[in-house]
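In this note's numbering, the protein residues as written are 5 to 286. Beta carbons are placed, not taken as given, at the ideal position from N, Cα and C, and that holds for glycine. Comments concern the structure below.
Shown next as structure tokens:
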């Protein structure tokens, strides 16, 4: 491809993504359409070949392979915790101590603050563990999803010792923004300016206690859950909580402790940590 200046036209793929996302409310298809349009601008009718080559080259990079391995293994790790009964045992223990709907949502937020290594790990762990607690108080799955997701991603972005921190540090170094080996330090200096994750993380407990009123679809989902008991559950059998499993609290805590320990010591390595956590589950 011949290097050239495209000017204002480079904004068109982004505008296409935003327009399609707002119109269709489907993010993946919108991003794919934007990517295809961008390659069409650069390569003309050879855009499919160019996109295939770029995709293959990206997947072959060490950083992308690392992210795919870590995220995939996190999913397997949570699946083992759920199937072994550890998540159910922990949720059952919390049920004996939480007496209100507000308490259940705050406990969900609090547990989310503890698991900061990865947002996928956070969402899967907290969601699988706390849904039994929030279901008891007729909390809609939409509300549970909001609390879980709006805690997981912002928290992992604000904590450098996470998969987000490691990934952004590598991007800063690869693109010449930070010297080699200094990517994490530069990333840490940007954290005070990350207004969205800071505000999003603080809003969650305010919503949980009712200080911020619910609006629109969330308000309707909560009203429907409280009046009819319909929580809007779309159960995924692959991660269904095993109520008959005989795992105790140790099945939940030991793998997580092992994962955190081997992630941090002797040096920070999320891939090593999740592999260690999986081994402890057996």
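Its chain contains 126, 159, 160, 163, 165 and 166 as the residues whose beta carbon lies nearer than 8 Å to that of residue 120, once the 5 sequence neighbours on both sides are disregarded; these appear in chain order. In the three-state scheme derived from DSSP, where H, G and I count as helix and E and B as strand, residue 174 is classed as helix. With a contact defined as Cβ atoms closer than 8 Å, residue 117 and residue 155 qualify at about 7 Å. The Cβ atoms of residue 85 and residue 285 lie closer than 8 Å to each other. Looking at the backbone, the Cα of residue 256 and that of residue 93 are separated by about 8 Å. When 265, 71 and 146 are compared, the shortest CA-CA separation from residue 230 is found for 146. Counting of Cβ neighbours within 10 angstroms places residue 113 among the buried residues, the total reaching 16 or more. With a threshold of 16 other beta carbon atoms within 10 Å, residue 281 meets it and is buried.
Note on geometry: alpha-carbon atoms of residue 82 and residue 105 lie some 25 Å from one another. Residue 119 sits in coil when the DSSP states are folded into three classes, being neither helix nor strand. Closest in C-alpha terms to residue 153, from the list 136, 173, 200 and 131, comes 131. In terms of Cα proximity to residue 129, the closest of 91, 235, 108 and 53 is 91. A Cβ-Cβ contact shorter than 8 Å links residue 190 with residue 181.
37 is the residue among 53, 233, 208 and 37 whose C-alpha sits nearest the C-alpha of residue 24. Here residue 209 carries a helix assignment [DSSP, helix/strand/coil]. Considering only 272, 277 and 271, the residue with the shortest C-alpha distance to residue 261 is 277.
Membership of residue 81 in the alpha helix (DSSP H) is indicated by the continuous run 66-87. Separation of the CB atoms of residue 188 and residue 173 is rounded to 4 Å, and the pair is thereby assigned contact status at 8 Å. For the pair residue 264 and residue 208, the CB atoms are not nearer than the 8 Å cut-off.
Between the alpha carbons of residue 272 and residue 170 lies a gap of roughly 9 Å. Residue 108 sits buried, since 16 or more C-beta atoms from the chains shown fall within 10 Å of its C-beta. In the same chain as residue 17, and ignoring 5 residues on each side of it, the C-beta atoms closer than 6 Å to its own belong to 38, 41 and 42, in chain order.
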